[in-house]
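Structure record follows, encoded as structure tokens.
Protein chains in written order, with our numbering: chain V, 7 to 325; chain C, 22 to 370.
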């Protein structure tokens, strides 16, 4: 995401962190019989949240900590709620500037005052002892950050103080349910995660071929920097993914090789549901060929959203 | 709202599908418990917003059709909780969240364009990604769906619902403004607020002007609550003519001549009786001219067929013989109408 350092306004359209077609995915998963699901690249954990409602055990994983904290808030959390005391603690003296920012990298994403708010709130949230309530507070701050990037100078008059936005999000936050299952969220490389995951189904939406380097340019960019309190983390993450899914690759052959490497570690999981959205680089048939190296494809579901700008032809391959 | 009151016009190519959708939309509104034509209201407003934001041709047609068909999925679900006065439980909400997908399927059966089908599917997607069914966020949601989302919410707020009263227009605007950047695209919210805000200000200024106009009048109770200002004006105008005839019959010949002489004198400088009546009805009548002999004469000579409710009262402007002194009094006492921006509160963004 490109931010004008003087004005603090995003100079690009607000990108999405992970394009998903949740309704389509859920309508397919509803037809499958499974009690537990492992999701190695969970991103925004909406799918896990829904599956919890259906009584499934959900094992979420993402290499990015922002996604991990979001998943802890909505998936791993078995009913903890953010209390008024927590909110007061999180927003305490949020606009009071200190001598310097604890996380100076925030100034590259936000205007001066906004950076102070995000910096102070991060430090306040660390004082919330319960990890799931802390996770809830963090997921609300992600929403506040997205809010900031929604505005342009033309729409600036509609912008509200960030603490008010935090409160508005808190009042309308999603219901957290306890489905009686031991759901958990992990922050590991996906290959390590699936090796230890014991689940009846794996749902995977593979990282795009441009990998973490491209993800860094989306709203995930500031979220990760804010969560970790460190701007250099992206360089480390990108370097660690060399030769694995999430790496930035230049060819179809290389990408399919990485997909194959990943799937080879998932053989112990009984059923796979692989979501693929065609974007001109790779067809569903090509992904299907790689999958068939490991097991037979039972059925492929397709939903074509490509009649509108931004829509895509989407497939869910069950194997 | 101007956009809501303007007729929903279909082009020649839109007409066949449009008329069919219109009927279905009214049926859907009934299923959802709307007491007003909600879908039509949305279609009108969405068309206005869409045009303001540069949509045209097939894109604008798709938006209009999607607005009419947006809740067509609920029609098929026939859930009792839609008419429940209670807030929905989470289980009911999750069930209801299927309706955009069912709506997309119903739109496909109706052979509406794929774009229309997708707009129906995504009309509950929220800017922050917490909508349904696909959890799209930001500009990944097509503009038409972002417009539908904001307009649907606004129109629902100003409508009476089984579980709550309707919001005041200004409250609904504040609601939209507060959620810009959270649930609604700020650009869409801005255009929506400009369109409905402008219309609300115009209406409030008109209402204030009419209130001022009728302030000195003793409007009969039978009229004041049920009749519209226009109807009241028309009724008073009829009464004015009848009363003037009665006055003329009751007065001695000299008095009539005097009055006519006065009228002639005033004719060059001030409006005729009829003109004065119309113009004064349009502005504020002057309480300063209440106690005149003509008024008493009028009361005494009111024909029996006038019911008490219709009886002209002391404030009745018909007896304001347009003498120069009265005209001056009227002019000096009529406050200058406030400008629109002063008369009505501004939209609080």
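For each residue, glycine too, the CB sits at the ideal point set by N, CA and C. Bear in mind the structure is a predicted one, so any value in this text is a computation, not a measurement.
Taking residue i as part of the beta strand (DSSP E), name the residues at either end of that continuous run.
{"i": "residue 278 of chain V", "result": "277-284"}
{"i": "residue 98 of chain C", "result": "No beta strand (DSSP E) holds residue 98 of chain C; the alpha helix (DSSP H) holding it covers 93-98."}
{"i": "residue 319 of chain V", "result": "319-324"}
{"i": "residue 310 of chain V", "result": "305-310"}
{"i": "residue 153 of chain V", "result": "Per DSSP, residue 153 of chain V belongs to no beta strand (DSSP E); it is in the alpha helix (DSSP H), 137-155."}
{"i": "residue 42 of chain V", "result": "42-45"}
{"i": "residue 226 of chain V", "result": "Counting along the chain, residue 226 of chain V falls outside any beta strand (DSSP E), though it belongs to the alpha helix (DSSP H) covering 225-234."}
{"i": "residue 95 of chain V", "result": "Where residue 95 of chain V is concerned, there is no enclosing beta strand (DSSP E), although the alpha helix (DSSP H) it sits in stretches over 90-97."}
Under DSSP, the alpha helix (DSSP H) around residue i begins and ends at which residues?
{"i": "residue 198 of chain C", "result": "190-199"}
{"i": "residue 63 of chain V", "result": "That residue, residue 63 of chain V, is in no alpha helix (DSSP H); its beta strand (DSSP E) goes 63-67."}
{"i": "residue 239 of chain V", "result": "239-246"}
{"i": "residue 199 of chain V", "result": "196-202"}
{"i": "residue 70 of chain V", "result": "Neither: residue 70 of chain V is in no alpha helix (DSSP H) and is coded neither H nor E."}
{"i": "residue 56 of chain V", "result": "52-59"}
{"i": "residue 70 of chain C", "result": "59-73"}
{"i": "residue 216 of chain C", "result": "207-234"}
{"i": "residue 30 of chain V", "result": "28-35"}
{"i": "residue 137 of chain C", "result": "135-142"}
{"i": "residue 31 of chain C", "result": "Per DSSP, residue 31 of chain C belongs to no alpha helix (DSSP H) and is neither H nor E."}
{"i": "residue 415 of chain C", "result": "What is shown of chain C runs 22 to 370, which leaves residue 415 of chain C out entirely."}
{"i": "residue 261 of chain V", "result": "258-269"}
{"i": "residue 192 of chain V", "result": "It is not in any alpha helix (DSSP H) - residue 192 of chain V instead sits in the beta strand (DSSP E) that spans 190-192."}
{"i": "residue 207 of chain V", "result": "First-last for residue 207 of chain V: 207-211, but that is the beta strand (DSSP E), not the alpha helix (DSSP H)."}
{"i": "residue 122 of chain V", "result": "118-131"}
{"i": "residue 218 of chain V", "result": "217-221"}
What residues of chain V sit near residue i, judged by a beta carbon separation below 9 Å?
{"i": "residue 149 of chain C", "result": "149, 152, 153, 156 and 175"}
{"i": "residue 163 of chain C", "result": "314, 315, 316 and 317"}
Given a cut-off of 8 Å on the beta-carbon distance, is the pair residue i and residue j in contact?
{"i": "residue 43 of chain C", "j": "residue 81 of chain C", "result": "no"}
{"i": "residue 38 of chain V", "j": "residue 280 of chain V", "result": "no"}
{"i": "residue 164 of chain V", "j": "residue 211 of chain C", "result": "yes"}
{"i": "residue 74 of chain V", "j": "residue 193 of chain V", "result": "yes"}
{"i": "residue 209 of chain V", "j": "residue 27 of chain V", "result": "no"}
{"i": "residue 71 of chain V", "j": "residue 233 of chain V", "result": "yes"}
{"i": "residue 53 of chain C", "j": "residue 92 of chain C", "result": "yes"}
{"i": "residue 46 of chain V", "j": "residue 196 of chain V", "result": "yes"}
{"i": "residue 155 of chain C", "j": "residue 29 of chain V", "result": "yes"}
{"i": "residue 163 of chain C", "j": "residue 140 of chain C", "result": "yes"}
{"i": "residue 175 of chain V", "j": "residue 142 of chain V", "result": "no"}
{"i": "residue 304 of chain V", "j": "residue 254 of chain V", "result": "no"}
{"i": "residue 171 of chain V", "j": "residue 203 of chain C", "result": "yes"}
Name, please, each residue of chain C whose Cβ falls closer than 8 Å to the Cβ of residue i.
{"i": "residue 181 of chain V", "result": "111"}
{"i": "residue 311 of chain V", "result": "139"}
{"i": "residue 171 of chain V", "result": "202 and 203"}
{"i": "residue 224 of chain V", "result": "Result: empty, since nearest Cβ-Cβ is about 10 Å, beyond 8 Å."}
For residue i, go through chain C and note every residue whose CB falls closer than 7 Å to its CB, in chain order.
{"i": "residue 27 of chain V", "result": "155"}
{"i": "residue 164 of chain V", "result": "198, 201, 202, 207, 210, 211 and 370"}
So which residues on chain V does residue i lean against when the C-beta distance must stay under 7 Å?
{"i": "residue 135 of chain C", "result": "313"}
Contact criterion: CB-CB distance below 8 Å. Does residue i meet it with respect to chain B?
{"i": "residue 161 of chain V", "result": "The displayed structure is made up of protein chains V and C, and chain B is not among them."}
Listed in chain order, which residues of the stretch 202-229 of chain C have Cβ atoms closer than 7 Å to some Cβ of chain V? Only those residues of the stretch 202-229 of chain C whose C-beta falls short of 7 Å from the nearest C-beta of chain V are listed: 202, 203, 207, 208, 210 and 211.
Closer than 8 Å is the cut-off here; do at least three beta carbon pairs connect the stretch 175-188 of chain V with the stretch 70-85 of chain V? Three or more Cβ pairs drawn from the stretch 175-188 of chain V and the stretch 70-85 of chain V lie within less than 8 Å of each other, which places the two stretches in contact.
Give me the subset of the stretch 30-45 of chain V whose CB atoms are less than 9 Å from a CB atom of chain C, sorted by chain position. Only those residues of the stretch 30-45 of chain V whose C-beta falls short of 9 Å from the nearest C-beta of chain C are listed: 30, 31, 32 and 33.
Can you list, in chain order, the residues of the stretch 96-124 of chain C whose Cβ is nearer than 8 Å to any Cβ on chain V? The stretch 96-124 of chain C vs chain V, Cβ under 8 Å: 111, 115, 121 and 122.
Closer than 9 Å, Cβ to any Cβ of chain C: which residues of the stretch 48-73 of chain V, in chain order? Per Cβ criterion, the list reads 50, 52, 53, 56 and 59.
Per the contact definition of three or more C-beta pairs closer than 8 Å, is the stretch 163-170 of chain C in contact with the stretch 182-190 of chain C? They do not touch, by the three-pair rule.
Flag this pair as touching only if the stretch 58-78 of chain C and the stretch 173-181 of chain C have three or more C-beta atom pairs under 8 Å; answer yes or no. Cβ pair count under 8 Å is three or more, so yes.
Members of the stretch 265-295 of chain V that neighbour chain C once the beta carbon cut-off is set at 7 Å: Here the close residues number zero.
If contact is defined by three or more beta carbon pairs under 8 Å, each pair taking one atom from either stretch, is the stretch 103-111 of chain C in contact with the stretch 271-279 of chain V? No: fewer than three Cβ pairs fall under 8 Å.
Give, in chain order, every residue of the stretch 99-114 of chain V whose Cβ lies closer than 8 Å to some Cβ of chain C. Under the 8 Å Cβ criterion, the stretch 99-114 of chain V contributes no residue.
Inspect the CB distances between the stretch 94-108 of chain V and the stretch 213-227 of chain V and report whether three or more fall short of 8 Å. Look at the beta carbons and you see the stretch 94-108 of chain V not touching the stretch 213-227 of chain V: under three pairs across the two are nearer than 8 Å.
Take every Cβ of the stretch 70-77 of chain C, pair it with every Cβ of the stretch 113-124 of chain C, and state whether three or more of those distances are shorter than 8 Å. Here the stretch 70-77 of chain C does not lie against the stretch 113-124 of chain C, with fewer than 3 beta-carbon pairs under 8 Å apart.
Would you say the stretch 240-254 of chain V touches the stretch 281-296 of chain V, given that touching needs at least three Cβ pairs under 8 Å? Counting Cβ pairs under 8 Å, fewer than three are found: no touch.
Taking 8 Å as the threshold, find out whether the stretch 123-140 of chain V comes into contact with the stretch 60-70 of chain V through three or more Cβ pairs. The way I'd put it, the stretch 123-140 of chain V doesn't touch the stretch 60-70 of chain V; fewer than three beta-carbon pairs between them come closer than 8 Å.
Taking 8 Å as the cut-off, does the stretch 198-213 of chain C touch the stretch 152-163 of chain V (at least 3 CB pairs, one atom from each stretch)? At 8 Å Cβ cutoff, the stretches touch.
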